[in-house]
Amino acid sequence: MISDHAVVRSEQIGEGTTIREFVVVEAGASIGRDCVIHPHVVIGSGVSIGDRVEIFPGTVVGKPPNGANAVARPIEYDRVVSIGDDCSLGPNAVVFYGVKIGRGCLIGDGASIREECTVGDQCLISRYVTVNYNTSIGDRTKIMDLTHITGNMTIGNDVFISVLVATTNDNALGARGYEEGQIIGPTIGDGAMIGSGAHLQPGVVIGNGAVVGSGSVVTRDVEARKVVMGVPARVVRDV
Amino acid sequence: MISDHAVVRSEQIGEGTTIREFVVVEAGASIGRDCVIHPHVVIGSGVSIGDRVEIFPGTVVGKPPNGANAVARPIEYDRVVSIGDDCSLGPNAVVFYGVKIGRGCLIGDGASIREECTVGDQCLISRYVTVNYNTSIGDRTKIMDLTHITGNMTIGNDVFISVLVATTNDNALGARGYEEGQIIGPTIGDGAMIGSGAHLQPGVVIGNGAVVGSGSVVTRDVEARKVVMGVPARVVRDV
Amino acid sequence: MISDHAVVRSEQIGEGTTIREFVVVEAGASIGRDCVIHPHVVIGSGVSIGDRVEIFPGTVVGKPPNGANAVARPIEYDRVVSIGDDCSLGPNAVVFYGVKIGRGCLIGDGASIREECTVGDQCLISRYVTVNYNTSIGDRTKIMDLTHITGNMTIGNDVFISVLVATTNDNALGARGYEEGQIIGPTIGDGAMIGSGAHLQPGVVIGNGAVVGSGSVVTRDVEARKVVMGVPARVVRDV
Chain A
993 MISDHAVVRS EQIGEGTTIR EFVVVEAGAS IGRDCVIHPH VVIGSGVSIG
1043 DRVEIFPGTV VGKPPNGANA VARPIEYDRV VSIGDDCSLG PNAVVFYGVK
1093 IGRGCLIGDG ASIREECTVG DQCLISRYVT VNYNTSIGDR TKIMDLTHIT
1143 GNMTIGNDVF ISVLVATTND NALGARGYEE GQIIGPTIGD GAMIGSGAHL
1193 QPGVVIGNGA VVGSGSVVTR DVEARKVVMG VPARVVRDV
Chain B
993 MISDHAVVRS EQIGEGTTIR EFVVVEAGAS IGRDCVIHPH VVIGSGVSIG
1043 DRVEIFPGTV VGKPPNGANA VARPIEYDRV VSIGDDCSLG PNAVVFYGVK
1093 IGRGCLIGDG ASIREECTVG DQCLISRYVT VNYNTSIGDR TKIMDLTHIT
1143 GNMTIGNDVF ISVLVATTND NALGARGYEE GQIIGPTIGD GAMIGSGAHL
1193 QPGVVIGNGA VVGSGSVVTR DVEARKVVMG VPARVVRDV
Chain C
993 MISDHAVVRS EQIGEGTTIR EFVVVEAGAS IGRDCVIHPH VVIGSGVSIG
1043 DRVEIFPGTV VGKPPNGANA VARPIEYDRV VSIGDDCSLG PNAVVFYGVK
1093 IGRGCLIGDG ASIREECTVG DQCLISRYVT VNYNTSIGDR TKIMDLTHIT
1143 GNMTIGNDVF ISVLVATTND NALGARGYEE GQIIGPTIGD GAMIGSGAHL
1193 QPGVVIGNGA VVGSGSVVTR DVEARKVVMG VPARVVRDV
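Keeping their order, the protein sequence lines are chains A, B and C. Residues 993 to 1231 (the working numbering) are what the first sequence spells out, left to right. Residues 993 to 1231 (the working numbering) are what the second sequence spells out, left to right. Residues 993 to 1231 (the working numbering) are what the third sequence spells out, left to right.
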């Protein structure tokens, strides 16, 4: 059922799908079966959405990156987005072009995922999490509210990242502009857990199953299955 | 005055209320007198809004929780929302079903309040604050920008919580799933003050009138009218 | 080109400008040439937008401050907003009345800038950054995701502020209400760099070119070109 108040320019809308008032779906987008697209959603050209996906009000799927002369990194992206079956997005989430999201993911209110990122299956990207460009997130990983995931970062499967965690990728704090190869985010191994308000410095590697305590500042690599804490973080015990 | 460009399915709209362009009000919602509902607001069925309430663009009142196979906790909720007289909400705020907000509250841009929460009178829930399920907030309490309030948490009257404060409710960081009774947020007593960037660990009790310093990590209970600071936080003096 | 589904009450729309579906532009707003105003944007009366500006979905330009009986500070503001040429805003950004933004700025998803603030040229105010009232930001300054900039604060040119940084302006944590002259934010000098998750206390002065380490809590002034770290922050070396 497509509302008379929606503007739908695509004919690739699956059976049983509801499109509500004031939605805009561009030509070249495709939406699967039994989806619900709530009011005020915008779905761009080149976006492909699976079956049984629910998108809450105000979410934008398919935003071009736009530097407006103010960002250092040259921006390339594919004008496609893929959202797997059984996902829930929004309200007010933003998915940039060049993003691929697996099946059964929950993308929370206002979560914003930038270009060239991949998110696996059954992930939770919670409220107002911001994910920067070219980052890869595995399956069943949970990232809680108000956490920032930096660019050029790799996150494994079954990872838990708590609220208000900061990750960075540039020791020069922007002073040298964007030099490819110098801008490297952290790597987080499978099953690792990152406590609330922790800070992971550029390029650190968190081993599989390691635990980072709340409020820690991680300046060096953490071995698998170690627990680290403090500012700067030191090993306190095995898991 | 109801805009010709709005879709209003309820007849319970009070005298003197303005409903602007591209608003959606579902059947079974009720809105009091002298309210202003700005463009692109969505008000769900079962939502009850008092008098002289102003709701800014893009705010959603009455969102169902939706786990999409990615959250651990079984979700129950009442399909009602109550917003008291003289409140101001948004823009882009999100109020889930099962929430009750008192009179004279200011809910800031993008603040998001999940199911089964109650907020007292004259509270400020500022920009991008996220409040999790089943949390109770007293009267005249202020929670500043970008702070996360966890689930199963209790906050008293006249509390001040500064910006970028983290609270958590699960020592296992999600590793054990949702076990009822094991997932307990902090308790904050009347008149307590929590500094910017503090972290309150699961289950800690902050006594009445206590003060937590900026950047502290609170791992143990804090007695009434004590000042604590540091990582981990220790008592430094009386208030 | 103005969509038939938009509501445009102003005649001051420049040549080559596109206004998309479900946009609201109030009488008395002016928009320059070759702009793109995406769906669901609201532009208030008294707003003046330059040439080649792109505004993404759900952004609100021209929001009145609204205390709803819950904020301490008396609110005064001019019912104008000025956005310079070549800016990009949103999605879901919020620009309050009384704000002036220079040329070539990028205002990220959900960034919210309150009344009586000025932002220079070529700035980046990234995703979900919240800027409080009466704050001044210089040219070419970058403020990264999920950072809070407090009220009555001054930020110089070429400053870099990383993610999840907290700044505050009130040592009494709201306990004394709003006393003019007692509520003073930090001052950040030209070329200073503030690491992720740092906290700057009320009234501290960060000298030109100084560097604040990640996770530091800055309680005292920092001299120009010094590097400080720790909780509380101490000088560790020269830049």
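Where is the CB? At the ideal position from N, CA and C, for every residue including glycine. Quantities reported herein were computed from a predicted structural model and do not represent experimental measurements.
Asked, Found
"For a contact defined as C-beta to C-beta under 9 Å, what are the partners of His-1030(A) on chain C?", "Those do not exist, as His-1030(A) stays about 13 Å from chain C at its closest Cβ, beyond 9 Å."
"Who are the near neighbours of Asn-1200(C) in its chain, counting only those whose CB is closer than 6 Å to its CB and skipping five residues on each side?", "Gly-1181, Asp-1182, Gly-1183 and Ala-1216"
"Output the boundary residues of the beta strand (DSSP E) element that contains Asp-1230(B).", "1226–1230"
"Taking Cβ-Cβ distances shorter than 7 Å, what residues in chain B pair up with Thr-1122(C)?", "Arg-1119, Tyr-1120, Asp-1137 and Leu-1138"
"Mark Ala-1060(B) as exposed unless 16 or more other C-beta atoms lie within 10 angstroms of its C-beta, in which case mark it buried.", "With a pLDDT of only 45 at Ala-1060(B), under the threshold of 50, the placement of this residue in the model should not be trusted, and no figure is reported."
"With a threshold of 8 Å between beta-carbons, can Gly-1143(B) be considered close to chain A, or not?", "no"
"Based on Cα-Cα distance, which residue from Asp-996(B), Val-1231(B) and Thr-1009(B) lies nearest to Val-1219(B)?", "Val-1231(B)"
"In angstroms, rounded to a whole number, what distance separates the CA positions of Gly-1239(C) and Asp-1113(B)?", "The question about residue 1239(C) has no answer here: the residues shown for chain C are numbered 993 through 1231."
"In whole angstroms, give me the CA-to-CA distance for Thr-1009(C) and Ile-994(B).", "29 Å"
"Is it right to say Glu-1068(C) is buried, meaning 16 or more other beta carbons lie within 10 angstroms of its own, or is it exposed?", "exposed"
"Considering only DSSP beta bridges, list what Glu-1046(C) is partnered with.", "Val-1028(C) and Ser-1080(C)"
"In the DSSP assignment, find the unbroken beta strand (DSSP E) run with Phe-1014(C) in it and report its ends.", "Per DSSP, Phe-1014(C) belongs to no beta strand (DSSP E) and is neither H nor E."
"Spatial neighbours of Thr-1159(A) within its chain, please: CB distance less than 7 Å, with the 5 preceding and 5 following residues excluded, ordered by chain position.", "His-1140, Ile-1141, Thr-1142, Met-1145, Gly-1177, Pro-1178 and Leu-1192"
"Within 8 Å (strictly less), CB to CB, does Met-1185(B) reach chain C?", "yes"
"Between Glu-1007(A), Ile-1011(A), Ser-1104(A) and Asp-1043(A), which has its C-alpha nearest Gly-1054(A)'s C-alpha?", "Ser-1104(A)"
"According to DSSP, is Val-1033(C) part of a helix, a strand, or is it coil?", "coil"
"Between Val-1155(A) and Gly-1042(B), what straight-line distance do the alpha-carbon atoms span, to the nearest angstrom?", "33 Å"
"Less than 8 Å between the C-beta atoms of Ser-1208(B) and Val-1223(B), yes or no?", "yes"
"Leaving aside the five residues before and after Cys-1109(B) along the sequence, list all residues of the same chain whose C-beta is less than 6 Å from its C-beta, in chain order.", "Val-1091, Val-1123 and Thr-1127"
"Are the CB atoms of Val-1039(B) and Val-1015(B) within a distance shorter than 8 Å?", "no"
"Looking at chain A, is there any beta carbon in it that lies within less than 8 Å of the beta carbon of Asp-1101(C)?", "yes"
"Please state the DSSP three-state secondary structure of Ile-1023(C).", "strand"
"Tell me whether the beta-carbon of Gly-1187(A) lies closer than 8 Å to the beta-carbon of Val-1204(A).", "yes"
"Please name the residues in the stretch 1068–1092 of chain C whose beta-carbon is closer than 8 Å to at least one beta-carbon of chain B, in chain order.", "Asn-1084 and Val-1086"
"Could you check the C-alpha separation between Ile-1175(C) and Phe-1152(B) for me, to the nearest Å?", "16 Å"
"On a Cα-Cα basis, can you pick out the residue from Gly-1036(B), Asp-996(B) and Ile-1023(B) that is closest to Ile-1005(B)?", "Ile-1023(B)"
"Shorter than 8 Å from the beta carbon of Gln-1193(A) to some beta carbon of chain C?", "yes"
"Helix, strand or coil for Thr-1009(C)? Go by DSSP, reduced to three states.", "coil"
"Taking the straight line between their C-alpha atoms, what separation do you get for Ile-1117(C) and Val-1227(C)?", "28 Å"
"State yes or no: is the beta carbon of Phe-1014(C) nearer than 8 Å to at least one beta carbon in chain D?", "In summary, chain D is missing from the structure at hand, where the protein chains are A, B and C."
"Can you give me the C-alpha to C-alpha distance between Ile-1035(B) and Arg-1025(A), rounded to a whole angstrom?", "26 Å"
"Can you grab the Cα-Cα spacing for the pair Glu-1107(A) / Tyr-1089(A), in whole Å?", "5 Å"
"Compute the Euclidean distance between the alpha carbons of Val-1052(C) and Thr-1133(B), then round it to the nearest angstrom.", "27 Å"
"Would Leu-1156(C) count as contacting chain A if we go by Cβ distances under 8 Å?", "yes"
"So Ile-1093(C) and Ser-1074(C) are in contact, right, with Cβ under 8 Å, and what is the actual spacing, rounded?", "7 Å"
"Buried or exposed, going by whether 16 or more other CB atoms sit within 10 Å of the CB of Ala-1225(B)?", "buried"
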